[in-house]
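Undergrad: Here it is: the structure, laid out below.
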Amino acid sequence: MSNGFVMITGASSGIGKAFAAQFAKKGYDLILVARRKERLQELAEEWTKKGRKCLVLTADLAKKKECRKIMEEVEKLPVKVFINNAGFGDCGSFLETDLSKEMEMIHVNIRAMHFLMKQMLCQMEKQGEGSILNVASSAGLFPAGPYMATYYATKSYVTSLTRAVALELKEKKSNVYVGALCPGPVDTEFNKVANVEFAIPSITPTYCAAYAIRKMEKRKIVIVPKNKMKVLAFISRVLPQSLVIRMTARQQKKKRSR
4 MSNGFVMITG
14 ASSGIGKAFA
24 AQFAKKGYDL
34 ILVARRKERL
44 QELAEEWTKK
54 GRKCLVLTAD
64 LAKKKECRKI
74 MEEVEKLPVK
84 VFINNAGFGD
94 CGSFLETDLS
104 KEMEMIHVNI
114 RAMHFLMKQM
124 LCQMEKQGEG
134 SILNVASSAG
144 LFPAGPYMAT
154 YYATKSYVTS
164 LTRAVALELK
174 EKKSNVYVGA
184 LCPGPVDTEF
194 NKVANVEFAI
204 PSITPTYCAA
214 YAIRKMEKRK
224 IVIVPKNKMK
234 VLAFISRVLP
244 QSLVIRMTAR
254 QQKKKRSR
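For the sequence shown, the working numbering begins at 4 and goes up steadily by one.
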């Protein structure tokens, strides 16, 4: 018995892999998307043995044609949930960070996220139901992030787009849900790729995914695991933005110097 398919980008590790486990246990079949084929196949084999159907799609989402290829593969499938998770960050002074890496980040964190969200949203509207969760970050709840400037900007895009589309769907009385997951530090490979270490304790990917699913079921639009991050996000809204940006800069410098 299947509840339909859940498609997860960035499924080979971290939060994406944790979402795959959580949804498989709930009776969903899996569409697993990432660049690393071997990891995806290992994950697919694990859940196939437990009775779930698994479709593996390898793709580099920084490339437009590979995003289109993904949608061509799934347009006829009953995708009930889409976890729009692929993304990465980088830490450093804007004058010193690598431009090619930043452009790739923009392509993955914004362009691919936007394209896949829009295509999947249209597909779900036609089928009359569905849920989309865009994985943003607590970075998307702050006005700006010096020393992770591009990453913060991309995640602000995700949260802003999600909030706007969610309201449009509500006014349309659509049966499709759209939300944004905005976690603080999570114990994943992100930290190594972004070259950061966090002062705030990380949560596990399993906790993050399970918490997000519970809030999705309640149709929460902006999902922030852990009360400490909720408090910090609230403070960032009530204090002067210039002060919040300076405070954020100090924290980012500490991440780089550990």
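The beta carbon of each residue, even a glycine, is placed where N, CA and C say it ideally should be.
#1: For the 8 Å Cβ check, are there 3 or more pairs between the stretch 204-213 and the stretch 18-34?
#2: Counting only the same chain and skipping the five closest in sequence on each side, list residues whose C-beta sits under 7 Å from that of M120.
#3: Taking all protein chains shown into account, do 16 or more other C-beta atoms lie within 10 angstroms of the C-beta of V241, making it buried, or fewer, making it exposed?
#4: When you compare each of C57, E78, D32, Y31 to L43 by their alpha carbons, which one comes out closest?
#5: Return the first residue and the last residue of the alpha helix (DSSP H) that I238 is part of.
#6: Please name the residue in V227, S205, M10 whose C-alpha comes closest to that of Y31.
#7: Please report the Cβ distance between A213 and I226, rounded to the nearest whole angstrom; I am assuming they are in contact, meaning their Cβ atoms lie under 8 Å.
#8: Evaluate M106 with the Cβ neighbour count: other Cβ atoms within 10 Å of its Cβ, from every protein chain shown; 16 or more gives buried, anything less gives exposed.
#9: Cβ atoms of A152 and H110: under 8 Å apart, would you say?
#10: Give a yes or no on whether the C-beta atoms belonging to V189 and G17 are separated by under 8 Å.
#11: Would you check if the distance between the CB atom of H117 and the CB atom of L164 is smaller than 8 Å?
#12: Please go through the same chain and pick out, in chain order, the residues whose beta-carbon is closer than 6 Å to the beta-carbon of K288, but skip the five residues on each side of it.
#13: What does a CB cutoff of less than 7 Å around C185 pick up in its chain, not counting 5 residues either side in sequence?
#14: May I have the straight-line CA-CA distance separating K68 from P243, to the nearest angstrom?
TA: Based on what the coordinates show:
#1: yes
#2: N87, I135, N137
#3: exposed
#4: C57
#5: 230-241
#6: M10
#7: Rounded, the Cβ-Cβ distance is 12 Å, inconsistent with contact.
#8: exposed
#9: no
#10: yes
#11: yes
#12: Beyond the ends of the chain as shown, which are 4 and 261, falls residue 288; an answer cannot be given.
#13: A139, S140, S141, G143, L144, T162, V225, I226, V227
#14: 42 Å
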